[in-house]
Each structure stands twice: as C-alpha cells, then as structure tokens.
Amino acid sequence: MQAFDYKFQQLDPVKSFKRVPGPEMYVPGHRTCAGCGPALNYRLVAKAAGKDTIFIGPTGCMYVANASYLCTPYAVSWIHAQITNGGAVASGIEAAFKVAMRKGRHDGPFPNIIVMAGDGGTVDIGLQAMSAMMYRNHKVLFICYDNESYANTGVQTSPMTPYGAATTFTPPGKEIPEGKTLFPKNAPQLVIGGHPAVKYVATTTIAHPLDLMNKVRKALSQPGPTFLHMLAPCPKGWLFDEKMTREMARLAVETGMWSMYEWENGVYKYTNVPKKYKPVGEYMKHQGRFAHLKPEHIAKMQAFVDEKIKQVSQPIPVAAPVPGKQ
Amino acid sequence: MAKAKMLTGCRAAAEGAKAAEVEVICSYPIRPYTAIMMELAKMVANGELNAEFIHGEGEHAQVSVVLGACAAGARAYTGSSGVGVTYAMEVYSPMAGGRYPVQMSIADRTLDPPGDFGSEHTDAMSTRDQGWLLGWACSPQEVYDNTLIAYRVGEDHRVMLPQMVCQDGYFISHIPDEVTLGEMSQVKEFLPPYRPIGPLSLTHPVSHGPQIRPDQGAPMDAMRAQTFLAVPKVIEEATADFNRIFGRNYDPFVEQYKLADAEIAFFIMGAHANTARAAVDRLRKQGVKAGMARLRWVRPWPTHQLAAALGHVKAIGVIETSTSYGGAMRGGNLIHELRASLYDLDDRPLVTSFMGGLGGETIWPADFDHIAKVLTQAVKEKKVRNYVQWLGM
Amino acid sequence: MAKELPGYGTIDVPKDRVVPFGAVTPAPVCQQDLFRTSNWRIVRPVKDDEKCTRCLICYLSCPDACWVYKEEEDVMEWVNNFCKGCQICIQECPSGALTAVPELDFPDGVARLDKPF
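Here it is as structure tokens:
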C-alpha cells in the first residue's frame with residue numbers, strides 16, 4: 000500500500016515568549032468561568048496549532064461554556080461531538096481529508112485535527128473511541144484537558160478525580176470520611192501501554208506555556224496518532240481562588256502530584272523535576288475540595304505520590320525548549 | 000444493457016455503495032449485515048473503490064465516524080443489524096439535526112434478548128423518531144436501487160438528511176436473486192456528486208453545532224419538521240428519474256399490486272411481500288378480490304398516498320414483522336400510522352393486524368389464506384373483532 | 000370516497016428565532032462580539048508601566064486574551080470588553096506591575112450590556 004503524503008505543515012518550535020505566534024485562534028468572548036484553566040489551555044493549544052486546524056469538541060465545559068449561544072470562540076473550524084465519540088468523529092474527519100487529498104479535491108496542507116476532550120471524554124465515557132483512534136493510526140492529536148472531574152454538570156467525580164477529593168458524587172460524610180476513596184486512572188499510561196501505532200505522548204500544564212505549545216507542535220508534526228495530557232486547574236471545581244489557577248498547576252508539579260514528561264519510541268524524558276519535592280499538603284491546602292481530609296488521608300495521598308515519583312528518572316535535556324524561568 | 004447477476008442483498012448493497020463511489024466506510028461485524036462490509040473491504044483492498052475503510056470499534060463508533068467524515072465533505076457509508084442499530088441510538092439525532100446525509104445499510108435482525116439471528120424490522124423501526132429517512136426493500140435488486148435513490152434524495156439540498164436503507168436479514172440479505180447493476184453512465188446521470196453545505200474547511204472556518212439559545216429549541220425542531228414536508232416531492236422526482244434511466248417501474252412510496260379494484264388487501268413491508276403477491280394471485284383465481292400494498296418508505300410516512308391507494312378497500316390486513324410492546328394495538332408498528340392515515344376518510348376501511356415473520360420465521364402461503372379469511376369475515380360482519388392476532392399462535 | 004384530507008399546516012419561524020442550517024455558524028475572526036464578558040468583573044487590573052518589564056507572562060496567563068503586546072509602541076495593552084477580572088495576571092506578574100482596582104472606581108466601570116447575551 001502506497002504511503003500517504005500528508006503534506007505536513009511547518010510548525011517550528013517556539014523558542015521564547017516573544018516568538019509566540021500572535022494570532023488568537025481561540026478568541027476572547029466565551030462563557031467560561033473567570034480564571035478557567037481549560038480555557039487558557041485551549042487558547043495556548045489553538046495558538047500553537049495555527050489556522051490550518053480543525054477542532055473536535057466533545058461535550059463538556061469546553062463545549063457548553065464556549066459555545067453558548069449560537070456562537071463560538073474558535074477562529075478555525077470546529078465541530079461538536081458527543082462526549083462518547085470524540086476519537087471516532089475525529090477519525091472520520093481525518094479519513095475524509097485523506098480521500099479528498101487523494102482525489103485532488105484538497106491540495107494540502109493536511110489539517111491539524113485535534114480532539115479537545117475533558118477527562119471524562121478521554122478515559123471514561125470517551126475511552127473506547129479514544130483508544131480505537133490510537134489503534135487505527137489516524138493522524139489526529141488527542142488532547143485531554145484534565146480538570147479532574149465532570150465539571151460542566153456541576154463537578155461530579157471522574158476516573159481522573161484524585162483520591163480524597165470532594166465532588167457531588169463523592170461527598171465526604173460519616174460513613175465515607177475521605178469523600179473519594181478511589182485512586183485515579185493514569186491516562187498517558189493507558190495510551191502508552193497498549194497502542195503500537197501511537198507516535199508521541201506527553202504531559203504538560205497551563206503554567207508552562209512554551210512547553211505546552213511546543214509539545215502541541217511536536218505532536219502535530221508526527222505522521223500518526225498522538226496524545227497530550229494537560230493539567231487544567233478548575234477554580235469552581237477544586238474550590239480555590241480563581242487568581243491561583245496557574246499557581247495550582249505549578250504546585251502540582253512541585254509536589255509530584257503531576258509529572259512532566261514526554262514519551263517517544265519507548266523512551267521517557269522527564270522535565271521540571273523538582274530537586275526536592277514539596278509535601279502534597281502544600282498543594283492540597285489551597286483547595287476546598289480537600290478541606291475535609293484528616294492527616295491519615297493526606298498521608299495516604301503522600302504515599303501514592305511517593306510511589307509515582309519513584310518512576311521519574313534523572314532529568315534529561317528535552318527537545319521542547321523551556322526558558323530559564325516560568 | 001447490463002446482464003443480470005445472481006447477487007444476495009448484502010452484495011447488492013455493496014455494489015450500490017461502490018456505484019455511488021462512497022469515500023469513507025466504517026465497518027463493524029454483526030450478523031447478518033456483515034457481508035456488506037466484507038464485500039466492500041475486498042473492493043477497497045483491490046483498488047476497485049477509492050475509499051477509506053475504517054474498522055470501527057462498535058456501532059456507535061461507526062455512526063460517529065461517518066458523521067465526522069460527512070461533516071468534512073465526504074460521501075460516507077456504514078451499516079448494522081439488530082442491537083447494533085440500537086447501540087448507536089445516541090448519534091442518530093445529532094446526525095439528522097446536523098443535516099449530514101450519510102447512508103446506513105441495515106440488514107434487519109431481531110433485537111436481543113436472546114441472540115436470535117432472524118429478521119425483524121424492530122431494529123430500524125425503533126429509530127424512526129430520530130429524523131432519518133427510512134425505507135425498506137423487498138429484493139436484492141431493490142436494495143441496490145434504494146442505495147442510489149436514498150443518496151440522491153438524502154443529498155438533495157432541499158433535504159440533506161441521513162438515510163437508512165433496510166432489507167430483511169437472511170431472506171433478502173443472504174438469498175441471491177437477479178440483480179441488474181447500473182452502467183457507470185446511468186449512475187453518473189442519476190446521482191450527482193455530494194455537495195456539502197458549510198463543511199469543516201480550512202479556508203472557510205465554521206462551527207458545527209454550538210449550543211442554541213433557549214428560545215431556539217422549538218424552532219430547531221420545527222425547522223427539522225419543515226424539511227420533511229419537502230421530502231416527498233424529492234422522492235417522487237428521484238424515483239421518476241430512476242425509473243426512466245434504469246428502466247424500472249417503482250411507485251415512489253407504495254407498491255400497489257392488483258389494488259385498484261381490491262376489496263381486501265395485505266399491507267406489508269419487506270421480504271414477505273413476495274409471498275403476499277403470490278397469495279394475491281392465488282386468491283384472485285379463487286374469485287377473491289385481493290390486493291397488496293407494499294410500503295417502501297416509513298419516513299417520510301406517505302399518509303395521503305396510502306389514503307388514496309387504500310381508501311376504497313373494505314378490509315386491510317397489516318402484516319407486522321416488528322413489535323411495539325404495549326402499543327395501542329398491542330402488536331406491531333405499522334398499524335398505528337396506517338390507521339391514522341385512513342382515519343379522516345368518509346368510508347374508513349376496516350384495519351386489523353397480523354404478527355408474522357417474527358424471529359425470522361417464514362410467512363407461509365397458508366398464512367395469507369388465513370389472513371384473507373379473517374378479512375373476508377370482517378367485511379361480512381362490518382367490524383374487526385381484534386386489533387391483532389399472532390399467526391400460528 | 001374521500002372528503003378533503005387534512006394537510007400538515009404551515010410552519011412560520013420568527014426571524015429572530017431561526018437556527019442556521021444544520022446549526023452551522025461562521026467562525027469568529029478576532030473576537031466573539033456576541034459574548035462580551037466585561038460586565039462579569041468587579042475589579043480590573045491596572046498597570047504601572049514603569050514596573051512592567053514586558054515579560055509577556057500576563058499575555059500568556061489570560062484565558063480571555065485580554066493582554067496584548069503592542070510591538071511598535073512596546074507596551075502592554077489591556078482589553079476592556081472581555082476581561083472577567085479573574086486576577087490571574089495580577090497574581091502572576093513577577094514585577095508587581097499590576098494591581099486590582101475596584102471596577103466602580105472607573106467612570107466606564109461595570110460595563111453594562113444591553114441584553115444578558
């Protein structure tokens with residue numbers, strides 16, 4: 000079978016803040032909460048991707064809050080998908096463009112096809128479609144904007160909600176003092192563990208904008224499926240002051256609650272590894288969703304994070320350049 | 000003129016899709032429609048069809064994949080049977096409301112429980128409220144023909160709706176019959192290329208499906224209903240064109256067999272119509288003025304056309320190969336809308352129903368004789384004793 | 000045989016309630032004016048230009064793209080129509096150039112929209 004010529008776009012790494020692409024592809028004028036982490040996430044992703052992009056938006060905050068009413072903030076083409084089928088709709092779009100290019104109806108470039116799914120739309124109700132898309136080698140970037148809950152419906156637990164978090168489906172009470180008793184799924188590991196066609200997987204946060212944008216561009220330059228897991232703190236869901244959204248993401252990395260890494264060809268590259276990890280309490284104390292926890296619960300969380308941290312290897316210089324201070 | 004080949008309904012559907020030069024196909028295996036996808040897979044692998052053949056992870060995914068493909072401007076095709084059809088239920092309304100004219104080829108199968116492979120129409124009939132065009136074939140030839148007609152109607156800019164082209168599992172899908180395939184010139188004359196409206200494009204960016212304002216919910220529904228008012232005319236035009244180009248003789252909505260002077264009539268859909276026709280001939284020989292009306296489109300339901308075709312009949316027996324438990328007539332799905340179609344006539348025909356062919360059973364000539372007896376008795380008594388009876392039980 | 004059968008009536012959707020075909024809307028270009036969020040805020044960020052180092056962190060921290068770097072004038076400009084007053088920029092500014100000032104202190108404060116949406 001003849002290899003398909005994707006006519007890749009030229010998406011060079013962004014070397015500094017001043018070189019960040021100017022045009023906004025996620026424009027102001029949307030109904031997301033003040034200080035919304037996912038909204039900042041979308042803005043940075045859209046900037047990095049540029050104008051030859053098609054977004055697929057499964058139902059969630061980044062659909063409902065952005066697309067009310069009868070208008071959207073996407074300056075590029077965008078389509079709503081069900082929360083169940085982001086990966087599937089994206090697969091269909093990718094296939095349609097391949098045929099159109101083969102038949103000469105579309106000259107190129109091949110569009111950046113990006114699914115912007117919440118954590119539920121990635122690992123819960125959307126897991127089947129996401130996994131199948133990864134398996135079928137579509138040239139699609141699947142991004143999980145992780146606000147660690149089903150936020151749009153009023154903050155219910157999802158498989159990415161951390162242990163001990165209060166949500167409306169995991170309220171703390173006499174019988175269940177922690178609130179949430181289960182530990183979360185590990186989304187990037189789900190992808191890395193079983194999909195031979197996946198080309199690149201990485202994690203990042205909204206507090207690392209150059210890192211985020213460069214990982215988006217690197218993913219979009221691959222000839223197959225890619226996955227990015229982005230921490231996008233949610234002031235309403237996590238119950239912290241909305242001006243602290245970026246600070247929460249930074250603290251997540253500094254405490255080991257969130258690890259920054261890339262995976263490519265079986266090799267992990269960790270970055271932003273703290274010389275000394277702050278205790279998880281430093282992160283959790285700001286967030287009302289953890290306010291009900293007792294010391295024994297925090298200790299359980301610390302033990303979980305300590306295990307996770309053990310997997311982090313020595314820091315290795317990465318391909319996506321990160322400036323000195325962020 | 001092309002020679003007729005012996006093809007099964009599944010093969011005929013695949014040939015129709017190939018003639019229509021579908022561009023994105025999404026497969027998933029479930030009996031008995033799977034053979035459609037197996038044929039298409041061979042065509043794609045051999046380079047006979049320039050299409051992307053995507054292995055969907057399930058039926059819900061199949062319909063989702065073709066939605067995306069159609070939104071991006073490709074002619075898209077998929078299919079299913081039985082519980083696969085109902086599994087994809089979530090996506091049907093977004094497809095129809097989003098005006099994406101994909102085609103889904105259904106080879107009917109009984110719904111679980113339990114795993115029964117026989118044909119019942121309930122699978123596709125369950126989706127009839129979702130806004131798709133929905134019709135049934137009674138032969139492999141008609142499956143091929145309907146594939147082309149449905150694309151032509153669905154992609155018409157006055158319509159822009161997805162279509163389900165249905166055939167009875169096993170009876171049509173797996174038993175070969177004579178099919179004359181169209182020449183490329185005929186197909187090209189009949190079916191223009193798909194012209195999407197506002198597709199996902201890099202040069203003309205659009206947003207597909209933002210939330211609508213609260214005061215736009217009812218208008219959105221009303222506008223979808225309004226489209227269906229325009230569909231019958233498009234079906235009539237398309238069928239007339241098809242008949243002319245391919246040399247067929249389809250009534251656009253209702254096949255009327257010896258109906259003009261009939262006193263009793265069978266109202267039926269799908270494969271068992273073939274037995275019904277033979278029964279009509281037999282009854283006529285015995286001096287009974289029998290006739291048959293075979294429904295070709297369930298959505299849009301041809302209300303006025305049925306009233307015109309059946310209004311003069313004294314008693315109608317609806318043969319139901321689908322179930323609607325707890326429904327008004329405690330039987331199947333067709334009788335309710337048929338009775339509604341005839342309700343406003345001055346001299347209403349008597350209408351009763353017969354559950355037959357369920358679970359993929361054969362409806363025997365003797366069954367039609369029995370139905371004729373019941374109808375004749377009803378005419379004599381000037382009333383219907385029961386809304387429904389179950390053949391053989 | 001048949002008196003005139005009922006029809007399906009007509010449907011007249013008022014112009015201001017019509018939904019675009021297939022719910023497909025054009026993409027916005029630079030901003031989505033149908034959703035101005037300026038009346039959400041109770042404080043606005045005020046910049047001390049002498050302290051501002053043009054580090055661009057405010058520009059990259061705002062979910063609503065309300066800080067723009069004007070290259071020719073070499074100055075950061077604030078976007079009035081969309082700022083929700085979340086104060087992320089104020090929190091993140093490394094040189095303390097931004098302070099939160101109550102919206103009501105400004106003559107054009109608490110921009111009111113004609114309709115909610």
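Chains as they are written, first to last, in numbering that gives the first Met the number 0: chain A, 0 to 325; chain B, 0 to 392; chain C, 0 to 116. Ideal Cβ positions, reconstructed from N, Cα and C, are used throughout, including at glycine.
The region 22–34 of chain A and the region 107–120 of chain A do not touch, with fewer than 3 CB-CB distances between them shorter than 8 angstroms. Per the coordinates, the alpha-carbon of threonine 180 of chain A lies some 28 angstroms from the alpha-carbon of valine 200 of chain A.
When the five nearest sequence neighbours on each side are left out, the beta carbons in the same chain lying within less than 6 angstroms of the beta carbon of methionine 5 of chain B are those of Pro175, in order along the chain. Using beta-carbon distances, serine 206 of chain B counts as an interface residue toward chain C, with a partner under 7 angstroms. The secondary-structure analysis by DSSP pairs glycine 290 of chain B across a beta bridge with B/Ala264.
Proline 5 of chain C does not reach chain A, its nearest Cβ partner there being about 34 angstroms away, counting only Cβ pairs nearer than 7 angstroms. Shown here, tyrosine 134 of chain A sits in a helix according to DSSP, grouped into three states. In the displayed model, tyrosine 73 of chain A falls within a strand according to three-state DSSP. Taken in chain order, the complete alpha helix (DSSP H) segments of 4 residues or longer contained in the region 7–46 of chain B are 8–18, 33–44. Using a CB distance cut-off of 7 angstroms, serine 15 of chain A does not count as an interface residue toward chain B. For glutamine 225 of chain B, at least one C-beta of chain C is nearer than 7 angstroms to its own C-beta. Assignment of asparagine 242 of chain B by DSSP, reduced to helix, strand and coil, places it in the helix class. Closest in alpha carbon position to aspartate 260 of chain B, among B/Gly310, B/Ile24, B/Arg243, is B/Gly310. In the structure shown, lysine 274 of chain A adopts coil according to DSSP, grouped into three states.
Chain order gives no chain B residues near proline 106 of chain C, where near means a beta carbon separation below 7 angstroms; the closest approach is about 33 angstroms.
For the region 13–29 of chain C, residues whose beta-carbon sits nearer than 7 angstroms to a beta-carbon of chain B comprise Arg16, Val17, Val18, Phe20, Gly21, Ala22, Val23, Thr24, Pro25, Ala26.
Nearest Cα to aspartate 111 of chain B within the set B/Gly286, B/Arg10, B/Glu119: B/Glu119. The distance from the Cβ of leucine 374 of chain B to that of isoleucine 211 of chain B is about 49 angstroms, inconsistent with a contact at the 8 angstroms cut-off.
Here histidine 335 of chain B has Gly326, Ala327, Met328 as same chain residues with Cβ atoms under 7 angstroms from its own Cβ, once five neighbours each way along the sequence are excluded.
Nearest in C-alpha terms to proline 208 of chain A, of all of C/Ser60, C/Thr52, C/Thr24, is C/Ser60. Following the DSSP letters along the chain, one finds methionine 88 of chain B inside the alpha helix (DSSP H) bounded by residues 88–96. By the Cβ test, the region 70–79 of chain A is not in contact with the region 19–39 of chain B, since fewer than three Cβ pairs between them sit closer than 8 angstroms.
Between the beta-carbon of alanine 87 of chain B and that of glutamine 129 of chain B there is about 10 angstroms, and that puts the pair past the 8 angstroms contact cut. DSSP places glycine 134 of chain B within a strand segment (E or B) once states are collapsed to three. A direct Cα-Cα distance of roughly 34 angstroms separates glycine 34 of chain A from histidine 137 of chain A. Residues of chain C whose Cβ lies closer than 7 angstroms to the Cβ of aspartate 260 of chain B do not exist, since the nearest Cβ in that chain is about 13 angstroms away. Note that the region 85–104 of chain B touches the region 146–156 of chain B; at least 3 beta-carbon pairs, one per stretch, sit closer than 8 angstroms. Closest by C-alpha distance to glycine 85 of chain A, out of A/Ala248, A/Pro222, A/Thr121, is A/Thr121.
Interface annotation, proline 218 of chain B: in contact with chain C, CB-CB separation under 7 angstroms.
Collapsing the DSSP output to three states places glutamine 81 of chain A in coil. Aspartate 122 of chain B and alanine 292 of chain B have their alpha carbons spaced roughly 22 angstroms apart. At a cut-off of 7 angstroms, the C-beta of threonine 270 of chain A has no neighbouring C-beta in chain B.
Under the three-pair Cβ rule at 8 angstroms, the region 58–77 of chain B counts as touching the region 188–204 of chain B.
Bounds of the alpha helix (DSSP H) holding histidine 59 of chain B are 58–70. The distance from the Cβ of alanine 128 of chain A to that of glutamate 56 of chain B is about 7 angstroms, consistent with a contact at the 8 angstroms cut-off. Interface with chain C (7 angstroms Cβ-Cβ cutoff): alanine 33 of chain A is included.
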